[in-house]
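Q: Let me give you the structure first, and then I'll get to my questions.
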Amino acid sequence: MSFDEAEISRNRGMPVELYLFQYGPDAAHHYAYTSAEEEVEFDNIVYVPTPMQRDGTKSSGTLDKSSESVRTGALSEAAELFRIYPPSQEVALIIRQGHLNDPDEEFPVTWAGRVLSCKWEDSQVELTCESIATSMKRTGLRRHWQYGCPHALYRGNAEGGCHADKVRATVTGTVTAVSGNTLSLAEGWNGAFPKEKFRAGTLEWTNAQGVSEARTILRLDTAADTFTLSGLARDIAVDGEVSVVLGCNHQMDDCADLHLVINDFGGDPWIPRKNPFVGTNNYY
């Protein structure tokens, strides 16, 4: 019996859903669950039986713009990714539907998007998700005429932006102490760069799952070599190594002297500071 026959029949189908959570760049960085009572293998991925429930598909016109709310057990590995602090990498979700008695093993995609947040409710968690079409159609930030540079650091492309060399701006340090969202590094971690230039930069490392984590450096005590990060410094151990990336003040001095990309500077420091409409003659 084909997928179409099982789908339109009254009682001959055995419908199941497959949930694939992708939390890293490699194919192995995933969690796969199924609503079936036994394991389901599809596309060389084994989906593990797990209690899963989702709201009915909500649509404001087309199904590709619908949002989803997925509920599962509180001990789910996918939910653990969001415990205390959300993951640095985007967590993608692909939902497939099919029938166990389909000889062709067809499991077409019924929804695709990403997980935005996770909320714990007693013995279960609720994962709030948005579709991929929603994120693609969202209006981006508009560029303003301003004194400082509006470009995102290290995000240059063929059309412009900041082409600062992130590899050149990265140093490696050894952790001497870590607690919560603060950690200290051994002396000499900054290499040839001034320590204060790492404020508003990022601190990066590889977590226990082999996925890159990144935190913004909110505060830096240059005397004690202690960093205060934007989130929990999880999976970092004493004597472990982390990468520290330079920040930028988005002014011409850092663009020219620190990152060596003055031609990419996107601000306009010569904007007149005197209002020409206040009745003052600007020429004499």
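Residue 112 in full-length UniProt numbering is what sits at position 112 of the sequence shown, and the numbering runs on without skipping anything.
The C-beta atom is built at its ideal place from N, Cα and C for all residues, glycine as well.
Please read these numbers as outputs of a predicted model, since none were measured by experiment.
1. Roughly how many angstroms lie between the CA atoms of residue 204 and residue 261, to the nearest whole one?
2. Are the CB atoms of residue 258 and residue 166 nearer to each other than 8 Å?
3. Compare the beta carbon distance of residue 132 and residue 152 with 8 Å and say whether it is the shorter of the two.
4. Determine whether the beta carbon atoms of residue 245 and residue 173 lie at a separation below 8 Å.
5. May I ask you to list the residues that DSSP assigns as paired with residue 111?
6. If you run the structure through DSSP and keep just helix, strand and coil, what is residue 177?
7. For residue 264, I'd like the list of residues in its chain whose CB is within less than 6 Å of its CB, leaving aside the five on either flank, ordered along the chain.
8. Just to confirm, are residue 21 and residue 109 a CB contact at a threshold of 8 Å?
9. Quick check: what's the CA-CA separation for residue 192 versus residue 185?
10. Which runs of the beta strand (DSSP E) spanning at least 3 residues fall entirely within the segment 219-260, listed in chain order?
11. Which same chain residues end up closer than 7 Å to residue 35 when comparing Cβ atoms and leaving out the 5 residues on each side of it in sequence?
12. Give the straight-line distance between the Cα atoms of residue 55 and residue 71, rounded to the nearest whole angstrom.
13. Among 120, 114, 14, 121, which has the Cα closest to the Cα of residue 130?
14. Considering only residues of the same chain and omitting the five flanking positions on each side of residue 145, which have a CB-CB separation below 8 Å?
15. Go ahead and pull the three-state DSSP assignment for residue 68.
16. Take residue 23 as the anchor and find which of 97, 255, 216, 208 has the nearest alpha-carbon.
17. Rounded to whole angstroms, what's the CA-CA distance from residue 200 to residue 148? Just pull it up for me.
18. With distance defined between alpha-carbon atoms, name the residue in 226, 210, 41, 230 nearest to residue 216.
19. Alpha carbon to alpha carbon, how far is residue 159 from residue 150? Give it in angstroms, no decimals.
20. Just confirm the distance between the C-beta atoms of residue 74 and residue 123, as a whole number of angstroms; I'd bet it's less than 8 Å.
21. Express the C-alpha separation of residue 28 and residue 171 in angstroms, rounding to a whole number.
22. What's the C-alpha gap between residue 42 and residue 76?
23. List the DSSP bridge partners of residue 20.
24. Check this for me: beta carbons of residue 238 and residue 177, under 8 Å apart or not?
25. Find the nearest neighbour of residue 266 within the set 234, 88, 155, 96, judged by alpha-carbon distance.
26. Check for me: the alpha helix (DSSP H) holding residue 105 runs from which residue to which?
A: On the basis of the coordinates in this document:
1. 23 Å
2. no
3. no
4. no
5. 95
6. strand
7. 162, 163
8. no
9. 16 Å
10. 226-229, 241-245
11. 16, 17, 52
12. 9 Å
13. 114
14. 268, 271
15. strand
16. 208
17. 15 Å
18. 230
19. 15 Å
20. 5 Å
21. 28 Å
22. 21 Å
23. 32, 94
24. yes
25. 155
26. Premise fails: residue 105 is in no alpha helix (DSSP H) and is neither H nor E.
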